[in-house]
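Residue numbers (the UniProt record's numbering): 1 to 450. The beta carbon of each residue, even a glycine, is placed where N, CA and C say it ideally should be. Below is one structure, written out as structure tokens, with a few remarks after it.
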Amino acid sequence: MFTKILIANRGEIACRIIKTARAMGISTVAVYSDADKDSLHVNMADEAVYLGPSPSRESYLLGDKVVDAAKQTGAQAIHTGYGFLSENADFCRRCEQENICFIGPPVSAIEAMGSKSAAKTIMEKANVPLVPGYHGDDQSDAIIKKAADDMGYPVLLKAAAGGGGKGMRQVWSADEFAEGLAAAKREARSSFGDDIMLVEKYLTQPRHVEIQVFCDSHGNAVYLFERDCSVQRRHQKIIEEAPAFGMSESLRQQMGEAAIKAAKAIGYCGAGTVEFLLDVDGSFYFMEMNTRLQVEHPVTEMITGEDLVEWQLRVAFGESLPKQQYELAIHGHAFEARIYAEDANNDFLPATGLLEFMQTPEQNKFVRVDTGVRQGDEVSVYYDPMIAKLIVWGETRQKALQRLSKALAAFRISGVTTNIEFLYNLSTCEPFIREEIDTGFIDKNQDQLF
Ligand code: ADP
């Protein structure tokens with residue numbers, strides 16, 4: 001096994017990776033910016049290397065500096081977590097050139113999934129079901145409009161280079177199309193520097209169900225079941241659960257096998273997530289594949305009893321997958337709630353400030369808190385304002401849900417505005433308990449949530 005790895009990230013995910021590395025007897029190197037010089041991840045790692053000023057462009061996004069830090073400390077591999085450099089093909093290539101193991105898929109797989117259009121073209125060839133739509137190279141307005149007209153409204157325009165819920169626009173009728181397309185292209189250009197668009201049928205009541213896959217370098221592949229991430233705001237996930245409620249065994253298997261087909265189509269290796277939209281009639285459609293560890297991976301860990309970071313490290317080192325499909329099973333139900341420094345009553349405006357007091361619920365085998373901050377730390381303007389992830393497990397969905405609301409009520413944070421009350425309202429509201437959930441959940445239940 002590796003003896004030393006570098007973690008090119010910060011916050012809760014850096015701490016999460018360090019924990020597993022430490023348990024496996026692997027030394028860890030943290031990297032940090034000015035704002036993070038006294039942070040938890042730096043504290044937890046065996047060594048730490050300074051990258052630069054607080055803005056991520058001047059620190060965490062500097063691939064060359066990260067590679068230099070690995071060389072300087074003798075780290076054999078780099079784990080990029082999620083965000084920052086995690087899906088950056090140039091960085092992955094640079095690691096390969098320097099003979100440092102990139103803990104993730106090969107460059108070619110990152111590149112193949114880097115554009116939503118190109119990804120759909122590959123999946124179409126591999127016979128993975130797609131959301132009906134147009135994702136061709138001919139980008140003339142007339143061609144895109146014709147595709148929308150033929151398919152019928154509403155449609156969703158998406159930036160091929162989009163991500164994080166940005167660069168999407170619904171169009172409800174042919175009259176609005178020209179204006180919608182122009183605005184979507186403008187947005188895409190300014191956010192991603194690229195205005196290649198695709199258009200999809202807009203499903204009005206879908207669920208977001210994603211499959212965790214794992215592949216090794218010996219041709220083995222398994223799926224670790226699904227996560228339901230339908231509770232979203234502006235296409236960003238708020239609460240995730242595993243397994244997805246109401247899934248028949250046959251649908252689970254079909255989606256799992258489609259996800260493996262998708263991974264194999266791009267010669268995948270490591271941890272990946274294949275995102276699908278699940279329609280009310282049980283049809284499912286490929287949306288995109290994320291070529292990294294997801295924020296919400298802990299719910300999968302809770303229901304399978306597996307450590308996904310350990311799997312990543314083993315596979316990256318060249319070992320075979322720790323388990324085969326028949327050895328994997330779902331036990332109970334898990335939820336994850338993302339605790340953010342933000343004001344739910346003011347359009348979820350990000351909040352900053354000093355965490356004057358922070359007490360997390362007691363952790364045990366049912367309740368897990370993944371965090372990268374402690375009392376006395378500052379939530380700064382520089383990074384994603386996530387304070388912690390609360391993950392709970394129960395024998396049934398109902399039991400897990402009770403634990404979720406109880407644990408949310410036990411959180412004490414002062415000094416910074418948080419979304420905890422909003423999450424509590426969500427976890428206790430009747431439609432959520434009754435599984436009346438699709439991606440429009442937050443909009444539909446405003447009166448009970450705020
Ligand atoms: P991003 O990469 O920005 O996260 P995705 O393509 O993964 O974008 O989509 C994010 C979310 O947007 C989905 O989880 C879903 O809620 C919504 N969405 C995407 N495509 C469609 C569609 N064709 N119809 C309805 N909702 C969609």
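Selection from Gln253, Gln97, Gln232 and Gly270 that minimises the alpha carbon distance to His218: Gly270
3-residue-minimum beta strand (DSSP E) runs that sit fully inside the stretch 180-257, ordered along the chain: 197-201, 207-215, 221-233 and 236-242
Which residues in the same chain as Tyr60 place their Cβ atom closer than 6 Å to its Cβ, once the five residues preceding and following it in sequence are excluded? Phe84
Does the beta carbon of Gly180 fall short of 7 Å from some heavy atom of ligand 1? no
Could you check whether the Cβ of Leu85 sits closer than 7 Å to any heavy atom belonging to ligand 1? no
Closest residue to Asp175 among Lys166, Ile196, Gly152 and Glu362 (Cα-Cα distance): Gly152
On the DSSP letters alone, give me the boundaries of the beta strand (DSSP E) that Ala409 sits inside. Premise fails: Ala409 lies in the alpha helix (DSSP H), Arg397 to Ala410, not in any beta strand (DSSP E).
Measuring only from the beta carbon, is Lys201 closer than 7 Å to any heavy atom that is part of ligand 2? With respect to small molecules bound, the structure shown includes ligand 1 and not ligand 2.
Please give the ranges of any alpha helix (DSSP H) in the stretch 268-311, keeping only runs that are unbroken, at least 4 residues long and fully inside the region. 297-304
Beta-carbon proximity of Ala259 to Val274, cut-off 8 Å: yes
Just curious, the alpha helix (DSSP H) that Tyr424 is in, first and last residue? Ile420 to Thr428
Whole angstroms is fine: what's the gap from Arg207's alpha carbon to Ile391's? 21 Å
Please classify His41 as buried or exposed, where buried requires at least 16 neighbouring CB atoms within 10 angstroms. buried
Quick one: grab the DSSP three-state call for Tyr382. coil
CB of Glu288 to nearest heavy atom of ligand 1: below 7 Å? yes
Would you mind listing the beta strand (DSSP E) stretches within the stretch 50-74 that are 3+ residues and don't spill past its ends, in chain order? none
Close Cβ partners of Val367 (< 7 Å) along its chain, the five nearest in sequence each way excluded: Pro361, Val392, Arg403 and Ala407
May I ask which residues mark the beginning and end of the alpha helix (DSSP H) holding Leu6? Not the alpha helix (DSSP H): Leu6 falls in the beta strand (DSSP E), residues Lys4 to Ile7.
Based on DSSP bridge pairs, tell me the residues matched to Val107. DSSP, once it has assigned bridges, lists no residue as partnering Val107.
Just to confirm the assignment, what range does the alpha helix (DSSP H) spanning Met123 have? Lys116 to Lys125
How close, in whole Å, do the beta carbons of Asn88 and Gly104 come, if the pair is a contact with beta carbons under 8 Å? That pair is no contact at about 10 Å.
Distance, Ala183 Cα to Ser33 Cα: 36 Å
Who pairs with Gln446 in a beta bridge, going by DSSP? Paired residue(s): none; Gln446 is not in a bridge.
Give me, in chain order, the residues of the same chain whose beta-carbon lies closer than 6 Å to that of Leu354; leave out the 5 immediate sequence neighbours on both sides. Glu378 and Gly415
Quick one: any contact between the stretch 159-172 and the stretch 190-200, if contact means 3 or more CB pairs under 8 Å? yes
Going by DSSP in three states, Glu336 sits in which element: helix, strand or coil? strand
Quick one: what's got a C-beta closer than 6 Å to Ile442's C-beta in the same chain, skipping five residues either side? Arg233
Would you check if there are 3 or more beta carbon pairs closer than 8 Å linking the stretch 309-328 to the stretch 233-251? no
Straight-line Cα distance separating Leu308 from Ser320: 14 Å
Between Val231 and ligand 1, is the CB less than 7 Å from at least one heavy atom? no
What does the alpha-carbon distance come out to for the pair Gln76 and Ser27? 10 Å
Separation of Thr80 from Ala8, as counted between CA atoms: 5 Å
CB of Val171 to nearest heavy atom of ligand 1: below 7 Å? no
Near Ala263, what residues of its chain come up, given a Cβ to Cβ distance below 8 Å and the 5 sequence neighbours on each side ignored? Val213, Cys215, Ala221, Gly272, Val274 and Met289
Which same chain residues, not among the five before or five after Tyr285, have their C-beta less than 7 Å away from its C-beta? Pro129, Leu130, Val131, Phe276 and Leu277
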